[in-house]
Amino acid sequence: MTAACNVVVLISGTGSNLQALIDHINAGENPACIGAVIANRADAIGLQRAAAAGIATQVLDHKNYADREAFDAALIEAIDARQPQLVVLAGFMRILSAGFVRHYRGRLLNIHPSLLPKHKGLHTHQRALEAGDSEHGCSVHFVTEELDGGPVVAQARIPVRSSDTAESLAQRVHAQEHLIYPLAVRWFAEGRLQLGDNGAQLDGQNLPATGWQFSN
Ligand code: GAR
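In the working numbering, the protein residues as written are 41 to 256.
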């Protein structure tokens with residue numbers, strides 16, 4: 041493992057995005073290396089995926105800490121012990137404090153199941169249906185202090201069908217997440233993706249506010 045590609049992945053649940061990244065790396069399509077997977081829940085299925093891939097795991101249960109600041113301080117300590125270049129939030133369902141976000145500025149990525157800036161927060165698939173959106177999707181973005189508001193790196197779009205439910209949308213959006221997140225991590229590991237003063241940059245060029253648009 042070269043130090044330049046070390047990634048720590050934070051999860052809370054299923055970890056299908058983690059799995060997509062593991063698969064991308066194992067297929068030789070991504071120079072990133074996952075140094076550790078950290079979960080805030082001991083029952084996160086993604087921990088089993090990490091262990092099966094031979095990746096170090098750690099659980100930091102937020103319920104064992106007095107408040108958000110104390111948890112985030114412990115999380116920073118656990119992450120920094122691994123000396124990652126990049127921290128990847130993959131279904132990590134905790135709001136992170138401003139101090140945490142500032143500490144990892146420019147090296148903290150998240151994936152969100154909507155076409156940001158639409159539908160920040162939770163229940164995005166249901167909200168896309170209720171809003172009558174004709175398209176929906178997912179966004180990879182740099183994390184800043186504004187919740188789900190950091191500069192967008194990449195988006196994938198799907199059409200919303202009249203027969204869609206929140207579940208069917210979630211399934212199709214998930215499939216797109218598994219394509220764009222490994223790609224964004226690859227760009228970062230290759231040194232092509234940066235957070236500049238005016239937003240996300242790919243190959244030294246400012247990306248549009250909606251990020252690079254994935255089509256498949
Ligand atoms: C993904 O859909 C991701 O976009 C979402 O959680 C899911 C995790 O799935 N993240 C958020 O909603 C963050 N606000 P996974 O555990 O199977 O990767």
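Quick reminder that beta carbons are idealized off the backbone N, C-alpha and C, glycines included.
From a predicted model like this one, the values you see are computed outputs, not experimental measurements.
For N80, the closest C-alpha among the options A114, H218 and N66 is that of A114. When the beta-carbon positions are compared, V192 and H181 come within less than 7 Å of each other. For A92, the shortest separation between its Cβ and any heavy atom of the ligand GAR does not lie below 6 Å.
Under the three-state reduction of DSSP, L50 is assigned to strand.
The DSSP-derived three-state label of G86 is helix.
With respect to L242, R232 sits close: the two C-beta atoms are nearer than 7 Å.
With contact defined as three or more Cβ pairs closer than 8 Å, the stretch 164-176 and the stretch 141-148 are not in contact. Per DSSP, Q125 is not a residue of any alpha helix (DSSP H), being assigned neither H nor E.
Rounded to whole angstroms, the gap between the alpha carbons of E186 and E117 is 23 Å.
In this structure, the straight-line span from the alpha carbon of I62 to that of R89 is close to 9 Å. DSSP, read as helix, strand or coil, puts T97 in strand.
Only buried fits D112, as 16 or more other CB atoms lie within 10 angstroms of its CB.
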